[in-house]
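For reference, the structure discussed in these notes is given below.
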Amino acid sequence: MFPSSGGVITIPKEISTLKGLADSLGLQFTGDPDYAIRGLRDIEILSEESALEEHYVYFIESKAVLNRHPKAAERGAVLTIPELAEPFTNAILVEKSGARLALIAFLKAFDRTPVFKPGISPKAIVADSARIAPSAVVHAGAVVMADAVVGERCIVYPGVVLEPFAEIGDDTVLFPNAVIGHHCVIGKHCIIHGSTVIGADGFGFYDNPQGRHKIPQIGNVVISDHVEVGASCTIDRAAIESTTIGAYTKIDDQAHIGHNCRVGRSTYIVGNTAVGGSVVIEDGAILSGMVIVKDHLKIAKGSIVLGLSGVAQDTEPGVVYFGTPARPAKQTHRMNAALERLPEMLKKFRELEEKLQAQEAARP
1 MFPSSGGVIT IPKEISTLKG LADSLGLQFT GDPDYAIRGL RDIEILSEES ALEEHYVYFI
61 ESKAVLNRHP KAAERGAVLT IPELAEPFTN AILVEKSGAR LALIAFLKAF DRTPVFKPGI
121 SPKAIVADSA RIAPSAVVHA GAVVMADAVV GERCIVYPGV VLEPFAEIGD DTVLFPNAVI
181 GHHCVIGKHC IIHGSTVIGA DGFGFYDNPQ GRHKIPQIGN VVISDHVEVG ASCTIDRAAI
241 ESTTIGAYTK IDDQAHIGHN CRVGRSTYIV GNTAVGGSVV IEDGAILSGM VIVKDHLKIA
301 KGSIVLGLSG VAQDTEPGVV YFGTPARPAK QTHRMNAALE RLPEMLKKFR ELEEKLQAQE
361 AARP
């Protein structure tokens, strides 16, 4: 971590020059090896007529970005691919196939995420039977209830609640006000962002003439390793077994996963998506923003549902879907194109109808 005071970042000496930064990442550079580096900036926040700010590195991976910022090459430094480097005096070079990984490495080098000393704050509320690894961090205001387990190097931020028998694996981070319900299990290297609730009761009720009866939700939620869940999400516990989230799945903010769902490995679930109960989402599937999935469906392996779609039937592997109800995207686009032509077609139909009526009226 780089210490910060008043918004000013202190850059370690070893990466404070163009050469030092390039060498630390194993990349080549062109320009002044002693050119001072203060940090990273985003070129897209600049106006089209602005030059780059001196002593900052900008990421440029496409000709389109250069075209939008014709004065970008007048000063500053860039991380870019060799074919775009010529106009720039100072450039760190990366092959196109590795550009995004290089950007990730750059961002990590300048990351300001706080680093905390291990330990339990005296202002945390921790049950005697809770088991907390000595390398973990539990902040003030966190609540760790009876028989909960916190693994090695975990970070539990203020306001987090781990209910009885909840378990979080090594190197997992729970951001402020996250709630892990009783008996729920979070794997290793997971990130649960603020105000997310894991293990609320599933939505289960039975109505009869005597009234409305709540169906007990006695299962749990099991989240595998390397999963990230965004802020203000809800993942409901199963009625009997487990609601499961597979390894490396990434869930965006304000998503809802209903009870009994089984989400596979390496899926993406983008913000404001709602998944009904007992849905199976197979490995590698993608649900884009504001998608609604009806309960008891299967989202097949590698299928993609585009944003603002409503899924009302099972999908096929590897197919892209769009619309409400969601259909294969090409079919939906053809239907939408036909709908756009409909007013003109109706106009022509009425004109033909009027001509026919006139011809009929003119007959003896």
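Counting along the sequence shown from 1, when you hit position 62 you're at 62 in our numbering, and nothing is skipped either side. We treat Cβ as the ideally placed atom computed from N, Cα and C, and that holds for glycine.
| query | result |
| --- | --- |
| Distance check for F106 and L52, CA to CA, integer angstroms please. | 18 Å |
| Check whether the Cβ atoms of G199 and R237 sit closer than 7 Å, and answer yes or no. | yes |
| Would you give the residue range spanned by the beta strand (DSSP E) that I245 belongs to? | 242 to 245 |
| Does DSSP classify A136 as helix, strand or coil? | coil |
| State yes or no: is the C-beta of A146 within less than 7 Å of the C-beta of A124? | no |
| I need the straight-line Cα distance from F2 to F116, nearest angstrom please. | Bear in mind that the predicted position of F2 carries a pLDDT of just 33, short of 50, making it unreliable; the figure below should be weighed with that in mind. F2 and F116: Cα-Cα distance of roughly 13 Å. |
| Could you tell me the alpha carbon to alpha carbon distance between S104 and F110, rounded to whole angstroms? | Here residue 104 turns out to be Ile, not Ser, going by the sequence shown. Rounded to whole angstroms, I104 to F110 spans 10 Å at the Cα level. |
| Label T324 either buried or exposed according to how many other C-beta atoms from any shown protein chain fall within 10 Å of its C-beta, with 16 as the threshold for buried. | exposed |
| When we look at the beta-carbon of Q254 and count the other beta-carbons within 10 Å, is it buried (16 or more) or exposed? | buried |
| When we look at the beta-carbon of A136 and count the other beta-carbons within 10 Å, is it buried (16 or more) or exposed? | buried |
| For I218, is the classification buried or exposed, using 16 other Cβ atoms within 10 angstroms of its Cβ as the cut-off for buried? | exposed |
| I'd like the list of long-range same chain contacts for R153, defined as Cβ closer than 7 Å, with 5 residues on each side in sequence excluded. | S135, A136, D170, D171 |
| In the DSSP assignment, the alpha helix (DSSP H) including V333 goes from what residue to what residue? | Before going on, a small fix: residue 333 reads as His here, not Val. Where H333 is concerned, the enclosing alpha helix (DSSP H) stretches over 329 to 362. |
| Between H259, A91, H69, V305, which has its C-alpha nearest I76's C-alpha? | A quick correction: the sequence has Gly, not Ile, at residue 76. The option with the nearest alpha carbon to G76 is A91. |
| Under a three-way DSSP split, which group does D23 fall into? | helix |
| Can you check which of these residues, D252, H69, T244, is closest to S232 by C-alpha distance? | D252 |
| What are the boundary residues of the beta strand (DSSP E) that A142 is part of? | Element bounds for A142: n/a, residue is neither H nor E. |
| How would you write the range of the alpha helix (DSSP H) that V65 sits in, first residue to last? | 63 to 68 |
| For E167, is the classification buried or exposed, using 16 other Cβ atoms within 10 angstroms of its Cβ as the cut-off for buried? | buried |
| For L356, count the other beta carbons within 10 Å of its own beta carbon; 16 or more makes it buried, fewer makes it exposed. Which is it? | exposed |
| Give the DSSP-derived three-state secondary structure of F106 in the structure shown. | helix |
| Could you give the distance in angstroms between the alpha-carbon of M365 and the alpha-carbon of L339? | Past the boundaries of the shown model lies residue 365; the chain is included only from 1 to 364, so the question cannot be answered. |
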